Amino acid sequence: MVVTRFAPSPTGYLHIGGLRTALLNYLWARKNGGKFYLRIEDTDLKRNSQEAMEAILQAFEWVGLDYDGEVVYQSKRFDLYKQYVQQLLDEGKAYYCYMSKEELDALRAQQMERGERARYDGRYRDFDGTPPEGIDPVVRIKAPQDGTIVVQDGVKGDISISADEVDDFIIARADGTPTYNFVVAVDDATMGLTDVIRGDDHLYNTPKQLVVYEALGFTPPKFYHVPMINNEQGKKLSKRDGATDVMDYKSMGYLPEALLNFLVRLGWSYGDQEIFSLEEMLEKFNPKDLNKSPSSYNLDKLNWLNSHYIKNCSNDQLAKMLEAFDIYIFSHDKKEILLDESKERSKTIKELAQNVYMIVTDPEEFDKKAVKKARKNADILKEFKAYLGQIEQKLHLPSDYHQVIETFLNKNDLGFGKLGQPLRVALLGQMAGPGLDVVMSTIGKDQTLKRIDTAVEFFERQEG
RNA sequence: GGCCCCUUCGUCUAGCGGUUAGGACCCAUGGUUUUCAUCCAUGUAACAGGAGUUCGAUUCUCCUAGGGGUCACCA
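Note that my numbering has the first sequence beginning at 130, numbered continuously upward.
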């Protein structure tokens, strides 16, 4: 049985790096038919926020990750932690420390001045005198004073850390609330975690947590510390580098499949394969294949993946997603034609919306350069309009319009460009864009004639 | 600064002592296409540096350099 968890602190939105660790844990648990829990690290009562919690849940829902059981809130498990703190106190594995904050700060300052590493000096470790008045003590755990602590990491191998790097750290604050490294160890153990996949930044917490495991007699889980995601310059990813909030990707028009695919390939690979559906990730992911080195976030790759997923997305789904961008074409009679054409040239749903908009609505303005070129053949455009206008048979599909254009060109012995340029400008307002037959088919004959009229008028006003 | 970790094309990566160092994104070129894209084909491009070990190192060891992480009564 594999049991994993994702344990964010509710300090804001769900970070893109957080989503990756969540995904990795999710995959490993689900692949093995195990459990994946969501736990909220909110022991610091001053810092938790309900909105942050909702943001995380919302992001989970968008990307389609789910978790087993109820969300575990550490703030609701204080009784349990208190019990374990007391146990350690009773067994002499932890002790009250009456050092005030000021004293601690002073000690630290001295150590820094001497170029030493700041660490608690253990002055109350074996204290049995009369405690000073007026001090609410903290509880510190007795960490080993010599030897080494070995972190067995599934990604990086064994990492040895000298015991004097780990001081007697605080497990309960003066107000009685427990601290991070203590509760993480207690929770991971009592929740039955077998595998902990987390960011590299937690590597240094691991020896501390091992001290807690040891003191409490728990067996530690298997740890995997995955390297961080850096920005394109190889530096720490920050808001300046673009979106770090998972939900920003939704509003920018990325598909969750693309985002997950992108993230899973950062630090993990399976041969030469680039495209992974969730099912394939489930089938192929194994934390032993995780990379040791950090990776850089690369928007080009995400865009490529996103355009891939857009092309492979059903038009119904696309039409639904477009509604978030104020494009409503779900019941458009040419929905399939329109989207088949537009999705080939869209990297995001936002771009798709723009491309659809360009076809469906009359041009709001005409591109200057395009007009300059197109105007020369305004007469041909007029003739085409007349020709199209007198056709009586029903025109429906792009191929019908294609036929009309062909016939017209043959009859007048013209090359495509002569008509194509002005027609494209008339229909779209610019020179690049979707196939003209598709545009005409989508908007229909009447609308086509109308757009041509407007354009011709515009061209003529430009004369001179 | 102390401690720990990392280092293959610009980027994501394959490689697990002997390879013309492979794939993907990006970029360039050509083809398909009514334009733009898509699609297809081809191409440019990497083992951070230095010592070892070895018949032979991208692969193992050490050193250097560079990058990252961490040093709270935050998580």
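Ideal Cβ positions, reconstructed from N, Cα and C, are used throughout, including at glycine. Here the structure is a predicted model, which is why all the values come from computation and not from measurement.
For residue i, which residues in the same chain have their Cβ closer than 8 Å to its Cβ, ignoring the five residues on either side in sequence?
| i | result |
| --- | --- |
| Glu170 | Ala136, Pro137, Ser138, Pro139, Gln203, Tyr309, Val312, Val313 |
| Tyr383 | Leu431, Asn435, Thr477, Ile478 |
| Gly549 | Leu565 |
| Ser424 | Pro356, Ile358, Asn359, Leu395, Gly396 |
| Leu407 | Gly193, Glu386, Leu389 |
| Thr348 | Ala318, Tyr342 |
Three-state secondary structure (DSSP) at residue i?
| i | result |
| --- | --- |
| Ala238 | helix |
| Thr373 | coil |
| Asp282 | strand |
| Gly546 | helix |
| Thr277 | strand |
| Asn484 | helix |
| His354 | strand |
| Lys119 | Residue coverage of the chain in this structure runs from 130 to 593, which leaves residue 119 outside it and unanswerable. |
| Arg206 | coil |
| Ser422 | coil |
| Ile169 | strand |
| Gly146 | helix |
| Val295 | coil |
| Phe405 | coil |
| Ser436 | helix |
| Asn415 | coil |
| Glu245 | coil |
| Ser460 | coil |
| Gln216 | helix |
| Thr490 | coil |
| Phe391 | helix |
| Lys476 | coil |
| Gly258 | coil |
| Tyr378 | helix |
| Gln468 | For the sequence presented, residue 468 should be read as Leu rather than Gln. Correct three-state label for Leu468: helix. |
Let me check one thing: in DSSP terms, what residues is residue i bridge-paired to?
| i | result |
| --- | --- |
| Ala301 | Val268, Pro307 |
| Ser398 | For Ser398, which the question treats as bridged, DSSP gives no partner whatsoever. |
| Leu595 | Because residue 595 is not part of the residues shown, which for the chain are 130 to 593, the question remains open. |
| Lys164 | Val132 |
| Asp117 | Coverage of the chain is limited to positions 130 through 593, which leaves residue 117 absent and any answer about it impossible. |
| Tyr155 | Answer by DSSP bridge pairing: none, since Tyr155 is not bridged. |
| Ala223 | Ile270 |
| Tyr530 | In DSSP, Tyr530 forms no bridge with anything. |
| Gly346 | Answer is none; Gly346 lacks a bridge partner. |
| Asn359 | Lys365, Ser425 |
| Arg327 | His354 |
| Val201 | Arg168 |
What whole-angstrom Cβ distance do residue i and residue j have, given they're in contact under 8 Å?
| i | j | result |
| --- | --- | --- |
| Tyr210 | Val315 | 6 Å |
| Leu143 | Ile326 | So it is not a contact: roughly 16 Å between Cβ atoms. |
| Ile520 | Tyr426 | With 8 Å as the limit, Ile520 and Tyr426 do not qualify as a contact, their Cβ atoms being about 54 Å apart. |
| Gly619 | Asp297 | Because residue 619 is not part of the residues shown, which for the chain are 130 to 593, the question remains open. |
| Asp496 | Gly558 | 6 Å |
| Arg237 | Ala247 | 4 Å |
| His437 | Ile404 | 7 Å |
| Ile299 | Val214 | The pair is not a contact, with the Cβ atoms about 11 Å apart (cut-off 8 Å). |
| Leu556 | Phe513 | The pair is not a contact, with the Cβ atoms about 11 Å apart (cut-off 8 Å). |
| Lys440 | Lys463 | Actually they do not touch by this definition, with Cβ atoms about 19 Å apart. |
| Thr150 | Gly371 | Rounded, the Cβ-Cβ distance is 20 Å, inconsistent with contact. |
| Ile509 | Lys547 | 5 Å |
Ordered along the chain, which non-local residues of its own chain (more than five positions away) have a Cβ less than 7 Å from that of residue i?
| i | result |
| --- | --- |
| Val295 | Ala272, Ile278, Pro336, Lys337, Val340 |
| Leu434 | Ala387, Asn390, Phe391 |
| Asp317 | Val325, Pro350 |
| Pro103 | With the chain represented from 130 up to 593, any question about residue 103 goes unanswered, as that position is not in the structure. |
| Lys502 | Gln550 |
| Ile456 | Ala482, Val485, Tyr486 |
| Ala344 | Leu217, Lys222, Ile270 |
Looking only at its chain, what residues have a beta carbon closer than 6 Å to the beta carbon of residue i, apart from the 5 residues adjacent to it on each side?
| i | result |
| --- | --- |
| Met376 | Ala188 |
| Met182 | Pro139 |
| Lys597 | Here the chain has residues from 130 to 593 only, and residue 597 is not among them. |
| Arg168 | Arg134, Ala136, Val201 |
| Leu332 | His354 |
| Ser291 | Thr277 |
| Met130 | Gly163 |
| query | Does the pairing of the segment 476-488 with the segment 574-587 give three or more beta-carbon distances under 8 Å? | reply | Contact fails: fewer than three Cβ-Cβ distances are below 8 Å.
| Using 8 Å as the threshold, is the segment 556-575 in touch with the segment 519-538, meaning 3 or more CB pairs across them? | Touching, yes.
| Cβ pair count under 8 Å reaching 3, the segment 276-291 against the segment 192-200 | Short answer: they don't touch.
| said: So, does the segment 393-405 touch the segment 416-434, judging by three or more C-beta pairs under 8 Å? | reply: Taking a contact to require three or more Cβ pairs closer than 8 Å, the segment 393-405 and the segment 416-434 qualify as touching.
| Do the segment 484-492 and the segment 465-474 meet, that is, are 3 or more Cβ pairs less than 8 Å apart? | Enough Cβ pairs lie closer than 8 Å, so yes.
| Given 8 Å, three or more beta-carbon pairs between the segment 212-232 and the segment 251-266 | When C-beta atoms of the segment 212-232 are compared with those of the segment 251-266, three or more pairs fall below 8 Å, so the two segments count as touching.
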